[in-house]
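Take a look at the structure set out below.
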Amino acid sequence: MSSYQFNKEEFKQEVTSNVKNLFRRTIAEATPKQVFQAVAYAVKDVLIDEWIATHKEYEKEDAKTLYYMSMEFLMGRALGNDIINIKARDGIREALDELGFDLNVIEDQERDYALGNGGLGRLAACFLDSLATLGYPAYGCGIRYKYGMFKQEIKDGYQIEVPDDWLRDGNPFEVRRDEYAVEVKFGGYVRTECDQYGRNHFIQENYQSVRAVPYDLPIVGYGNNVVNTLMIWDAEPINTFNLESFDKGDYQTAVEQENLAKNIVEVLYPNDNHYAGKELRLKQQYFFISASVQRAVNKFKAKHDDIHKLPEKVVFQMNDTHPTVAVPELMRILLDEEGLTWEEAWDITTKTCAYTNHTIMAEALEKWPLELFSRLLPRIYQIVEEINRRFVERIRQTYPGDEEKVRSMAIIYDGQVKMAHLAIAGSFSVNGVAQLHTEILKKKVLKDFYEMDPWKFNNKTNGITQRRFLLHGNELLASWVTDKIGDEWITDLPHIKKLALYADDEKCQQEFMNIKYQNKLRLARYIKENNGIDVDPRSIFDVQVKRLHEYKRQLLNILHVMYLYNQLKDNPEMDMVPRTFIFGAKAAAGYKIAKLTIKLINSVADVINNDKSIKGKIKVVFIEDYRVSNAEWIFAAADVSEQISTASKEASGTGNMKFMLNGALTLGTMDGANVEIVEEVGKEYAFIFGMTSDEVIAYETRGGYNPMDIFNNDQDIRRVLMQLINGYYAPNNTELFRDLYNSLLNTLSTSRADTYFNLKDFRAYAEAQKKVDQAYRDEKWWAKAAIMNVACSGKFTSDRTIQQYVDEIWHLDKVTVDMDE
Ligand code: 26Q
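The sequence shown begins at 1 in UniProt numbering and counts up one residue at a time.
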């Protein structure tokens, strides 16, 4: 296989000429931002041939194609990743040097593509990277939000949400594909017509519609000439203000259609792991699903006559329940447009759709009110009704007389459409995202479904791409690893196991710790520039970065910081390794307790960072606007990875894997993929604490526990909690943190006191933290443990995850692309 040969002089010329054409400037006059644009277009020029060649090959092979349907793709930046994957990074760095620019600065000009919230969206992005690198035919299907995840600013310790106008300067990599635009219909009513053969036809009338236009983004495989496509849909008005409308006095409808189109793709909902039954959200879901399913069916039909063979060539993977309307939408097309019988259509649909579950938390489950659902999607609603009718019939046949089963499993119940139930009924595969999570699904949350169709259920433990999170994010460590063991790890991460041979070697330990130190310096510079805080790169970098959510327990972390600070105040000579507690987190805009937790972290930081008496032994840093691009540097610099969710609540976690890959030690609960991380690296090289998922679930069944007992018996904890309401961290407003205090101690009308067992796990957490402090003093041990974490991270590549999806669910064939042909 020949791959792209980089030609430095040609590249320099192209960049120079791009600057000229785009900005009417010479390269010497160009700003870094302009150079970024020019470089991006030059890179696209290279990609485009591979992109075309890849799709020619797919056509030629008539390859089965995956459509990964997701409301979110948290891509981060493209340029740095793409030039790594075409293996031109060193060449481009040199070329830019010679033109007088620093590649790092140029990369830093690109906006993050923040079309996602957190784990689920980033997982989709890692999967696309692995699919391209492994050479599997796949599309990502999503929405081209005008505004992605908001930018976070911290003002006076509070989170402020600023719109993310990511397309303002245009996106050099995207390609608008007007020729593939399709129509998507909303509302109106369904008229039934009986034809001469006695068959019913369903005609949607008086609807509003929008034109869905796909934009393609290239997804570059690593060194294999494969370029896949992320297809994101924009909405445009159809026939706006056409004469016909005016004549009919339909001015109102025309205006409404225009507004519908404008609103639909306006903004990503910034809720993570939380369902909000907003009408616009359902519109977004149907919009991109209808468009994607139409496109997939059209593409299939262009080559094949027999629609019954669709499952041989097409598979839809639904990323959580958000894309579940794909099930009734495919049914609609097969019934109404292809004229199939219900049985035929259902057979095809349930062989084409597969569903991934990402959460067991009740508040995240999507349930749409029937009134809303039927009004917005009248034909889809009819189909869901019929799916439900037949499904309930099947439940009754399987469990005669057991109406409890119907109650718990029906798709339509309590005046709602339960999307998870629809997804399970309509899919041939239902998977969880880590072993523990899948077991909880089977034994608890989806027990009834598992018992009825056990064959559908399977586990696919999440993974991450080492190309972005080591090769790009941590160049120093990546080169070191390659020096030691060769570069196979880039496409075959389990090879990294060979590093274990060096874990005991003192020279290697020193090299490793020195690299970690360099990365800590880099992060310290970033913190200084962005937060104005001086941190000591010799201190332990203890990091918790992830969305802010009560179950993730950032509160436990900061309560422990408050406790440590109290100890230091009592005993300024206390012997402890200096520690920098680093936080990064966005809170959903309407999530009060989460936002208050951010304020608390910043208030604690203010007090502690300015207290000279503790001699800098503790620093607290809240990194503003945590996102994919700065995450890459944060992981590289971390010593301790905080993965402290209430056991059973974190389906998998993927940040935990990124830390491990970068040689941080996990301080965590036995939750999600932490369990498998510990299984790989061994308990001795991690700090595990707290209740197990079984214990948590047992308490929950009993209705919780009484945190007051702990409050009354543990004076250290009591002191910390009192500081929430005595103005210790808010001298001007003693009531500021009252709600946090109440969430821990008072039974609120909405939930149990301390729903997430912060106080119950506090002592165990403090003990584990103490062990971290002790362990870090033994530098050799720490270096060895860190190297062992890197060495044992092989399982957690998304390449492995994708290969399992391919082998057990998708059954795709690998394609090779040769650029010589
Ligand atoms: C639903 C309805 C309306 C509005 C928003 C939502 C919504 C949006 C995003 C619901 C859930 C999400 C995101 C969930 C998520 O990120 N889950 C995480 O998925 C990761 C990848 O599998 C896991 O590693 C994490 O454990 C899980 O929390």
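We put the CB at the ideal spot given by N, CA and C, even for glycine.
This one's a predicted model, so the numbers in the text were calculated from it and none came from an experiment.
Practice task
Using three-state DSSP, classify residue 690 as helix, strand or coil.
Solution key: coil
Practice task
Could you check how far apart the C-beta atoms of residue 354 and residue 427 are, in whole angstroms? I think they sit under 8 angstroms.
Solution key: 5 angstroms
Handout entry: Collapsed DSSP secondary structure at residue 114 in the structure displayed
Key = strand
Problem - Between the CA atoms of residue 326 and residue 109 - distance to the nearest angstrom - result: 37 angstroms
Exercise for the section: Could you tell me whether any non-hydrogen atom of the ligand 26Q is closer than 7 angstroms to the CB of residue 433? Expected result: yes
Problem - Closest Cα partner of residue 126 within the set 384, 798, 24 - result: 798
Exercise for the section: Helix, strand or coil for residue 718, going by three-state DSSP, please let me know. Expected result: helix
Exercise for the section: Grab me the residues of residue 243's own chain with a C-beta within less than 6 angstroms of its C-beta, minus the 5 sequence neighbours each way, in chain order. Expected result: For residue 243, the predicted structure reports a pLDDT of 46, less than 50, and the residue's modelled location is therefore unreliable. The matter cannot be settled from this model.
Exercise for the section: Taking all protein chains shown into account, decide if residue 235 is buried (16 or more other Cβ within 10 angstroms of its Cβ) or exposed. Expected result: buried
Problem - First through last residue of the alpha helix (DSSP H) which encompasses residue 508 - result: 506-531
Handout entry: Terminal residues of the beta strand (DSSP E) in which residue 232 lies
Key = 227-237
Practice task
Pick out the complete alpha helix (DSSP H) segments inside the region 62-118, 4 residues or longer, and give them in chain order.
Solution key: 79-85, 89-99, 103-107
Practice task
Give me the Cα-Cα distance between residue 7 and residue 456, rounded to the nearest whole angstrom.
Solution key: 50 angstroms
Practice task
Check whether the Cβ atoms of residue 37 and residue 218 sit closer than 8 angstroms, and answer yes or no.
Solution key: no
Handout entry: Endpoints, the alpha helix (DSSP H) within which residue 782 is located
Key = 779-791
Exercise for the section: State buried or exposed for residue 305, treating a residue as buried only when at least 16 other CB atoms are found within 10 Å of its CB. Expected result: exposed
Handout entry: Continuous beta strand (DSSP E) assignments of at least 3 residues falling wholly in the region 558-628
Key = 579-584, 618-622
Exercise for the section: Mind checking who residue 151 pairs with in its DSSP beta bridge? Expected result: 162
Exercise for the section: State the DSSP-derived secondary structure class of residue 243, mapped to helix, strand or coil. Expected result: Note that residue 243 scores a pLDDT of 46, beneath 50, so its modelled location is shaky and nothing firm can be said.
Problem - Residues near residue 740 in its chain [Cβ-Cβ closer than 8 angstroms; skip 5 each side] - result: 555, 593, 596, 597, 600, 724
Practice task
Please name the residue in 761, 267, 135 whose C-alpha comes closest to that of residue 115.
Solution key: 267
Handout entry: Exposed unless 16 or more other CB atoms sit within 10 angstroms - verdict on residue 819
Key = exposed
Practice task
From the DSSP output, read off the bridge partner residues of residue 464.
Solution key: 797
Practice task
Taking only heavy atoms of the ligand 26Q into account, decide whether any of them is closer than 7 angstroms to the Cβ of residue 358.
Solution key: yes
Handout entry: residue 158 burial status per 10 Å Cβ neighbour count (16 or more: buried)
Key = exposed
Problem - Which listed residue (223, 782, 156) has its alpha carbon closest to that of residue 490 - result: 223
Problem - Proximity test, residue 120 beta-carbon vs the ligand 26Q heavy atom, cut-off 7 angstroms - result: yes
Problem - residue 732, DSSP secondary structure in three states - result: coil
Handout entry: Spatial distance of residue 269 from residue 77 (CA atoms)
Key = 21 angstroms
Exercise for the section: Tell me whether residue 472 is buried or exposed, calling it buried when 16 or more other Cβ atoms sit within 10 Å of its Cβ. Expected result: buried
Exercise for the section: Measure the beta-carbon distance from residue 461 to residue 433 and round it to whole angstroms, keeping in mind my assumption that it falls under 8 angstroms. Expected result: 7 angstroms
Problem - Beta-carbon contacts of residue 18 that lie in its chain and below 7 angstroms, excluding the five residues immediately before and after - result: 38, 41, 42
Exercise for the section: Please specify which runs of the beta strand (DSSP E), each continuous and at least 3 residues long, are wholly inside the region 407-441, giving them in chain order. Expected result: 416-418, 429-432
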